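J.: I have a structure I would like to understand better, so I am pasting it below and will then ask my questions one at a time.
Protein chains in written order, with my numbering: chain G, 22 to 297; chain H, -17 to 443; chain F, 33 to 478.
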């Protein structure tokens, strides 16, 4: 990042919310005093962060700062790691998602996820998309499932490219297409929140631009949290930005504010490319 | 034993040569090892190689040639009447008698004077040959020592020579594997070829009758000898099939449980347990099958009115399946662990449960590897010997009823070759034909399985 | 879905503005069914592992329960008269030759007759009476007298081994309530046994002979010592041949060989050899070592060579992966100092890889120790009483001994077989434990 040697802040292109939107903000995900430990390592310290509905929240920071860790807390993907321990409270619609009575399968259907590397299943394109609806019993009958598959692919902007080869393996697509397939796979379950963990890091600039456009479109129906390495990307797609550093949430605010007028000197240093 | 001592003595000689060569090198350099091309120890090794290699090669050649020469001399010395018109096998028997008499073992014809005389001659010839051999070997060694000593000078590139020799030795070592395969193929082909001159190829492969007892006289019962191997193939497949029915689900589910569900503590206990199961010798499984499992099935069958043979294919197959469980599970475990975590994450991220992820993502992704593992297991079951020798039948029944006794290819190989053998009878030779079939079938399965597994690994590496 | 204030749960099916996409339904039986399936699947996996464990327990349990008794042997104290007439007929100095030839069996029989004067004088009953003790009981007596000639002419209480059937009965494995026709031990024998028992003449002793003698047709005389020595001799040959060749081949393939079609061929070859059925190696040994090279049949030399070819792939594969695990930086460091490739390998790479190589070798040796089938092909299945003294003596090995005994009809051989299996498994456990220790002790993470 420092190689770009920018001294000016990246241009904030995303549409800032209007004043009345700001007033009507609904807190979709609320985290309070979240700590994560990997064995002995204290990976995330006392994080308080609100994610608002129908907005894109970007998590930025140098690598190893805990932004991906935090993201994985939001749909409890950290459960998969044996030595990982999470404390504090994360609420989705005011319900604690770490409540033992909460069902993690249900949670993940409501909070979908797109990963750093495109990870289509070694199945056909159709089956990749249909997998979620099938396991959750969303569709009744073949026709409905077909419709969901088509809608999801359309929303992910992939329908035109693959409509004639739905029975081909998803692994045969290009990297950018694979990632959009994964996004389509996530939205086929119609989650409320979509988590994206550096979704463009493995893609070329053109594919990246396509995905960024898509993210902006998806904002209308979903709440999106995106981890990104690229400050320009954060500036382009997000309404709010949170800056993590060494496991601390340093600063969070409107993207415009963070990039033009950061409060903390570390944030300032990072966005101007002094470290990262 | 004597030869062993000679080899040790030659190695000792080479060791002495090592120190001599070293000292010589330092001396030629005027006590300044720095002036030598190589380290002094390389001059030592150089000398040792010049002593050991030629003498050991001579020894080996001598040992291979000696019996032929001596036998020829001894047999040539017998009265003409005794050796004339003998068939090769009779000739061999006669030679054996002489050898047994010479070593003081009981032999059928020890009393005959001609034999006794030949035996004495054999003995003295052997002794003379041994002494000559020792002298020759040490002579060659001494020659090597003298040669090496002469060549040693500060300019001799001892290290390069030594390394070249070692390189050749290394290459020969890795060629042993190929030689083994060639040896297997040639010996099986050679004996099978003789067999197929006696029994037609198609009769062996497609015949429905197997009773290899060729009688001594033509009027005995069952003198014909039938060599149709289909009942053996069917029996082998039946037992293999039963084994896979046991091993595939249990092994696969164990692997899935160990890879996806078990916590480290459970794994630390269950993995060694499966390894113990894998390490138990097959003869123990055979004993278990014959003495515990087969009677259990027979009694269980009796209690519900079924007639179960005490050498039922079921018992042998089930125990073979047990033997293969750890094999299937450890191979599948590797394969399942090779499925990238990102695929699991993708599925969990959509809200799939573990079992849904396993069934619809992990197993399909791992399928080629699992198929490869199962093929290897099948090949293992087909080639397994002791369990079936001890628990399956001898009679070649052509049946697919698991409650009856069947026999297998490996059982027949063992039965045909254990005990007295004559190498020109179709009975003995048929074992090699069976071995040939066994070798090529397992080889084909292995080649397919290994290439499937390798392709699979490359996909996720 | 532009409404931002409502949708507290967000699980309402369909969107507010006629959104065609449904939200998953999380209430009701669907999720419960999914979880039930999940539990069933998990349970199935656990059951599979448990099945394997239970089978292992049954297997070991059946062997221990059948075999533990073989370590004990019942003996009966008889008053043996070392008759001077037989042992020293002319009354002069004792001659060794006479002692060797004397009929000790009669002394045992006389003692039995004295003990049971009421035994009828017909041949059947006599034979039954003599059958109480081992038919080889005379050997022990002969050794006693040879060691101490002063016994001649005296009467001593000597512990004589019981015959296999009586030993089995004394151990309680024959139900005396069965009808007489259905058991190996008849009523008469039982009454004699009870008589001796009442006199306190029957006792069990640790079966030393089991560990110190070779095979025998009589179960009470049979021991595993011959097979054990056979195994040791055979494995020595195997180790001496396969270890150096295996390590050298691995070193060549991993460190020196160019990557070309030829080395690929060798590699494929080794992988395939590892999966060739062991019995095929037996056929190779029979055709090549015995028939072509004329090695002696049934000898540890031939057996060891066959097993060496069999374990070679295991050792090569293990050694290669141990060599592979040594990081290239070490090779580069040594090469950078001007060491030749051979020096790099012998001074640095091999020593670092040695624990891994040794672990693989021990595992290969353990496999070879348990191997039976190929040895049957080269005649190591013969009945051999003498303990082998050299690599060319006829011999058998532990697993083959198990096979031979398992094939014997006598009931008493069942317990011998199981006991031999216990000894065999003991050695295997020991070898694997050493391998595990070696791995734990020297394992290095780079």
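Even for Gly, the Cβ is constructed at its ideal location relative to N, Cα and C.
Every value quoted in this text rests on a predicted model; they were computed, and no experiment measured them.
So, at 6 angstroms on beta carbons, what are the nonlocal neighbours of residue 450 of chain F in its own chain, with the 5 sequence-adjacent residues on each side left out?
T.: Taking the third chain and counting its residues from 1, the one referred to as residue 450 of chain F is at position 418. For residue 450 of chain F, where only same-chain residues beyond five positions count, the Cβ hits under 6 angstroms are 95, 98 and 99.
J.: Whole angstroms is fine: what's the gap from residue 238 of chain H's alpha carbon to residue 441 of chain H's?
T.: In the second chain, the residue the question calls residue 238 of chain H occupies position 256. In the second chain, the residue the question calls residue 441 of chain H occupies position 459. So the two alpha carbons sit approximately 20 angstroms from each other.
J.: Return the bridge partner residues of residue 190 of chain G from the DSSP annotation.
T.: The residue you call residue 190 of chain G lines up with position 169 of the first chain. Note: residue 190 of chain G sits in a beta bridge opposite G:145.
J.: By Cβ distance, which residues of its chain are closer than 8 angstroms to residue 99 of chain G, with the 5 residues on each side in sequence left out?
T.: The residue you call residue 99 of chain G lines up with position 78 of the first chain. Result list for residue 99 of chain G: 57, 90, 93, 105 and 107, in chain order.
J.: Which same chain residues end up closer than 7 angstroms to residue 138 of chain G when comparing Cβ atoms and leaving out the 5 residues on each side of it in sequence?
T.: Mapped onto the first chain, residue 138 of chain G falls at position 117. Correct list, in chain order: 223.
J.: Counting only runs of 4+ residues fully inside the stretch 377 to 451 of chain F, write out the alpha helix (DSSP H) ranges in chain order.
T.: Fully enclosed alpha helix (DSSP H) runs of 4 or longer: 382 to 402, 405 to 409 and 430 to 438.
J.: Where residue 45 of chain F and residue 67 of chain F are concerned, what is the direct C-alpha to C-alpha distance, given to the nearest angstrom?
T.: Mapped onto the third chain, residue 45 of chain F falls at position 13. Mapped onto the third chain, residue 67 of chain F falls at position 35. The pLDDT assigned to residue 45 of chain F is 39, lower than 50, so where the model puts this residue is not dependable, and the model offers no usable value.
J.: Measure the C-alpha to C-alpha separation of residue 132 of chain F and residue 32 of chain H and round it to an integer number of angstroms.
T.: As a first step, residue 132 of chain F must be located in the third chain, where it is residue number 100. As a first step, residue 32 of chain H must be located in the second chain, where it is residue number 50. Cα to Cα, the separation comes out at about 55 angstroms.
J.: Can you give me the start and stop residues for the beta strand (DSSP E) that residue 43 of chain G sits inside?
T.: Counting from 1 along the first chain, the entry for residue 43 of chain G is found at position 22. Not the beta strand (DSSP E): residue 43 of chain G falls in the alpha helix (DSSP H), residues 40 to 44.
J.: Can you tell me where the beta strand (DSSP E) holding residue 107 of chain F begins and where it ends?
T.: By 1-based counting over the third chain, the position of residue 107 of chain F is 75. Element bounds for residue 107 of chain F: 104 to 113.
J.: Please compile the residues from chain H whose C-beta is within a distance smaller than 7 angstroms of the C-beta of residue 409 of chain F.
T.: Taking the third chain and counting its residues from 1, one reaches residue 409 of chain F at position 377. Correct list: 399.
J.: Tell me whether residue 385 of chain H sits in a helix, a strand or coil according to DSSP, three-state version.
T.: Residue numbering aside, residue 385 of chain H sits at position 403 when the second chain is read from its first letter. Here residue 385 of chain H sits in coil by DSSP.
J.: Please state the DSSP three-state secondary structure of residue 151 of chain G.
T.: One-based indexing of the first chain puts residue 151 of chain G at position 130. It is helical.
J.: Can you pull the chain G neighbours of residue 315 of chain H, defined as C-beta to C-beta under 9 angstroms?
T.: Mapped onto the second chain, residue 315 of chain H falls at position 333. In chain order: nothing, as chain G lies at least about 17 angstroms away.
J.: I believe residue 212 of chain G touches residue 263 of chain G by the beta-carbon criterion, under 8 angstroms. Please report the beta-carbon distance rounded to the nearest angstrom.
T.: In the first chain, the residue the question calls residue 212 of chain G occupies position 191. In the first chain, the residue the question calls residue 263 of chain G occupies position 242. Their Cβ separation, rounded to whole angstroms, is 21 angstroms, which puts residue 212 of chain G and residue 263 of chain G out of contact at 8 angstroms.
J.: When you measure from the CB of residue 187 of chain F to every non-hydrogen atom of the ligand SAM, does any distance come out below 7 angstroms?
T.: Questions concerning the ligand SAM fall outside what the structure shown contains, since it holds no ligand whatsoever.
J.: For residue 436 of chain H, is the classification buried or exposed, using 16 other Cβ atoms within 10 angstroms of its Cβ as the cut-off for buried?
T.: Here residue 436 of chain H corresponds to residue number 454 of the second chain, with the count starting at 1. Label assigned to residue 436 of chain H: exposed.
J.: Quick check: the Cα distance between residue 150 of chain H and residue 292 of chain F, rounded to an integer number of angstroms?
T.: Locating residue 150 of chain H in the second chain gives position 168, counting from the first residue. Locating residue 292 of chain F in the third chain gives position 260, counting from the first residue. Between residue 150 of chain H and residue 292 of chain F, the C-alpha separation is close to 17 angstroms.
J.: Is the stretch 335 to 347 of chain H close to the stretch 368 to 387 of chain H, with three or more CB pairs under 8 angstroms?
T.: Short answer: they don't touch.
J.: Would residue 335 of chain F pass as a contact of residue 429 of chain F if the rule is Cβ separation under 8 angstroms?
T.: The residue labelled residue 335 of chain F in the question sits at position 303 within the third chain. The residue labelled residue 429 of chain F in the question sits at position 397 within the third chain. In contact: residue 335 of chain F and residue 429 of chain F (Cβ atoms closer than 8 angstroms).
J.: Quick check: the stretch 346 to 360 of chain H against the stretch 68 to 86 of chain F, are there 3 or more CB pairs under 8 angstroms?
T.: No: the two stretches stay apart, fewer than three of their Cβ pairs being nearer than 8 angstroms.
J.: List, in chain order, every chain G residue whose beta-carbon is nearer than 7 angstroms to that of residue 324 of chain H.
T.: Residue mapping note: residue 324 of chain H aligns to position 342 of the second chain, counting from 1. Correct list: 136, 138 and 140.
J.: Could you work out which residues of chain H lie near residue 74 of chain F, taking near to mean beta carbons separated by less than 8 angstroms?
T.: Against the third chain, residue 74 of chain F aligns to sequence position 42. Near residue 74 of chain F (Cβ distances below 8 angstroms), the residues of chain H are 239, 243, 336 and 337.
J.: Give me the subset of the stretch 118 to 129 of chain G whose CB atoms are less than 9 angstroms from a CB atom of chain F, sorted by chain position.
T.: From the stretch 118 to 129 of chain G, only 124, 126 and 127 have a Cβ closer than 9 angstroms to chain F.
J.: In chain F, which residues lie with their C-beta within 7 angstroms of the C-beta of residue 78 of chain H?
T.: Start at 1 with the first residue of the second chain, and residue 78 of chain H comes out as number 96. Simply none; closest approach about 11 angstroms.
J.: Going along the chain, which residues of its own chain have a beta-carbon closer than 7 angstroms to the beta-carbon of residue 170 of chain H, five neighbours each way excluded?
T.: Taking the second chain and counting its residues from 1, one reaches residue 170 of chain H at position 188. Once the five neighbours on either side are set aside, the close Cβ partners of residue 170 of chain H are 414, 417, 418 and 421.
J.: Using the rule of at least 16 other Cβ atoms within 10 Å of the residue's Cβ for burial, across every protein chain shown, is residue 41 of chain H buried or exposed?
T.: Reading the second chain from its first residue, position 59 is the one you call residue 41 of chain H. When all chains shown are included, residue 41 of chain H counts as buried.
J.: Look up residue 217 of chain G in the DSSP assignment and give the residues it is bridged to.
T.: Taking the first chain and counting its residues from 1, the one referred to as residue 217 of chain G is at position 196. The partner list for residue 217 of chain G (beta bridge, DSSP) reads G:135 and G:247.
J.: Taking all protein chains shown into account, do 16 or more other C-beta atoms lie within 10 angstroms of the C-beta of residue 40 of chain G, making it buried, or fewer, making it exposed?
T.: Translated into positions along the first chain, residue 40 of chain G becomes position 19. Exposed: under 16 other Cβ atoms inside 10 Å.
J.: Got a sec, what are the start and stop residues for the beta strand (DSSP E) residue 5 of chain H sits in?
T.: Start at 1 with the first residue of the second chain, and residue 5 of chain H comes out as number 23. Residue 5 of chain H -> not in any beta strand (DSSP E); alpha helix (DSSP H) instead, spanning -16 to 10.
J.: Count the other CB atoms, across all protein chains shown, that sit within 10 Å of the CB of residue 453 of chain F; report buried if there are 16 or more and exposed otherwise.
T.: Numbered from its first residue, the third chain carries residue 453 of chain F at position 421. Burial call: buried.
J.: Helix or strand or just coil, what does DSSP make of residue 464 of chain F?
T.: Counting from 1 along the third chain, the entry for residue 464 of chain F is found at position 432. Here residue 464 of chain F sits in helix by DSSP.
J.: Residues in the same chain with beta-carbon distance under 6 angstroms from residue 305 of chain H, minus the five sequence neighbours each way, listed in chain order, please.
T.: The sequence position of residue 305 of chain H within the second chain is 323, counting from 1. Excluding positions up to five away in sequence, the list reads 267.
J.: Going by CA-CA distance only, name the one from H:146, H:144, H:-5 and H:314 that's closest to residue 116 of chain H.
T.: Working through the second chain from its first residue, we reach residue 116 of chain H at position 134. For the residues H:146, H:144, H:-5 and H:314, the minimum Cα distance to residue 116 of chain H belongs to H:-5.
J.: Strictly under 8 angstroms for the Cβ-Cβ distance: is residue 432 of chain H near chain B by that measure?
T.: Chain labels in this structure do not include chain B; the protein chains are G, H and F.
J.: Using only the alpha-carbon positions, how far apart do residue 294 of chain G and residue 278 of chain G sit?
T.: Within the first chain, numbered from 1, the residue matching residue 294 of chain G stands at position 273. Within the first chain, numbered from 1, the residue matching residue 278 of chain G stands at position 257. The straight-line gap from Cα to Cα measures roughly 17 angstroms.
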